[in-house]
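Residue numbers (the numbering used here): 24 to 361.
The beta-carbon is built from N, C-alpha and C at its ideal position, and this holds for glycine as well.
What follows is a single structure, written as structure tokens, with notes after it.
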């Protein structure tokens, strides 16, 4: 399986160079995409294929503002498509409604959010959800600062944390799944909406522990060590992998990834319609999703998403933001409601 390289900032610059100059909001030949750094490898991969197919006709620009930062732009009408590593939250729905912006919610893949340490870390192999909560909950700030405070048999060494920034959907999902409440975490950690920054941090810090999307771990396996998560239901230690995310064994850190599309832009900008169509072509998207390290959905899911686009069916099936425990089967049953 061929993997793509995402050196910090380099992939974005490369795609921007392929795309030509950024287009204005009304340019029918330019697709404006922003949002999640977790979803970025998918949009970047589709964007490369898009540029090959439509070179000289259409352009695409992709930014990484995090899921929340991307929704701010999307709900102001500044972008056509937003990548999101969690469903739209109620305040974002309200912001879109206030601006008259509607959206079509399209699941595109599953992710196994991965907990990582430095490869020289020889004491951590598997952690429990309770231990991760002990590390990341707000009460841990300034108090849980050494590894042996989590488990006495772990060494008396500094515990240096790296994680998603507060505008990231990964931050929202991780705090919901581990701490039990979105946006509830300690604040004394190295934070970034760019997962490449977190990769660099953990890879250069022997005392580090961090988390980000599976694709970024897969791309940097030689520089990182993934920590298994103890399944709360079975007690088994389960590694982050495409197979375990697909089967539902990797809980509670498996989650769906989304695109949100402005339906008016589908009608007024042919470039947007073509770009979205490529994300829903099973013959293409399954290969690209696997290539970048995520879990493709069944062909039926992409067919349902395509029907949602054709019917311009707007709204969300997942009110309230992060939804822990959503499976592929749940996505197939989901019905959007404005």
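Applying the criterion that 16 or more other CB atoms from any shown protein chain within 10 Å of the CB defines a buried residue, is residue i buried or exposed?
{"i": "residue 352", "result": "exposed"}
{"i": "residue 103", "result": "buried"}
{"i": "residue 219", "result": "buried"}
{"i": "residue 134", "result": "buried"}
{"i": "residue 45", "result": "Because residue 45 carries a pLDDT of 41, less than 50, the predicted location of this residue cannot be relied on, and the following value inherits that uncertainty. Label assigned to residue 45: exposed."}
{"i": "residue 355", "result": "exposed"}
{"i": "residue 67", "result": "buried"}
{"i": "residue 115", "result": "buried"}
{"i": "residue 190", "result": "buried"}
Rounding to the nearest angstrom, what Cα-Cα distance links residue i and residue j in this structure?
{"i": "residue 52", "j": "residue 280", "result": "26 Å"}
{"i": "residue 95", "j": "residue 125", "result": "13 Å"}
{"i": "residue 158", "j": "residue 183", "result": "10 Å"}
{"i": "residue 314", "j": "residue 211", "result": "34 Å"}
{"i": "residue 164", "j": "residue 156", "result": "12 Å"}
{"i": "residue 59", "j": "residue 226", "result": "22 Å"}
{"i": "residue 69", "j": "residue 168", "result": "41 Å"}
{"i": "residue 324", "j": "residue 268", "result": "16 Å"}
{"i": "residue 224", "j": "residue 335", "result": "42 Å"}
Under the three-state reduction of DSSP, which class applies to residue i: helix, strand or coil?
{"i": "residue 126", "result": "coil"}
{"i": "residue 68", "result": "helix"}
{"i": "residue 166", "result": "coil"}
{"i": "residue 349", "result": "coil"}
{"i": "residue 283", "result": "strand"}
{"i": "residue 290", "result": "helix"}
{"i": "residue 55", "result": "strand"}
{"i": "residue 135", "result": "strand"}
{"i": "residue 308", "result": "helix"}
Just checking my contact of residue i with residue j at CB under 8 Å: how many whole Å lie between their CB atoms?
{"i": "residue 105", "j": "residue 89", "result": "Contact doesn't hold; Cβ gap of about 10 Å is too wide."}
{"i": "residue 254", "j": "residue 272", "result": "6 Å"}
{"i": "residue 127", "j": "residue 331", "result": "6 Å"}
{"i": "residue 339", "j": "residue 130", "result": "Wrong, their Cβ atoms sit about 11 Å apart, outside the cutoff."}
{"i": "residue 196", "j": "residue 136", "result": "7 Å"}
{"i": "residue 16", "j": "residue 303", "result": "Residue 16 lies beyond the residue range present for the chain, which begins at 24 and ends at 361; the question has no answer from this structure."}
Under the criterion of a Cβ to heavy atom distance below 7 Å, does residue i qualify as lining the ligand PLP?
{"i": "residue 354", "result": "Of ligands this structure carries none, so the ligand PLP is not represented either."}
query: If you scan the region 138-203 from start to end, which runs of the beta strand (DSSP E) of 3 or more residues do you find wholly inside it?
result: 183-187
task: Write down every uninterrupted run of the beta strand (DSSP E) in the region 196-240 whose length is 3 residues or greater and which is fully enclosed by it, in chain order.
output: 213-215 and 231-235
query: Enumerated in chain order, which unbroken segments of the alpha helix (DSSP H) with a length of 4 residues or greater are wholly contained in the region 67-127?
result: 89-98 and 113-122
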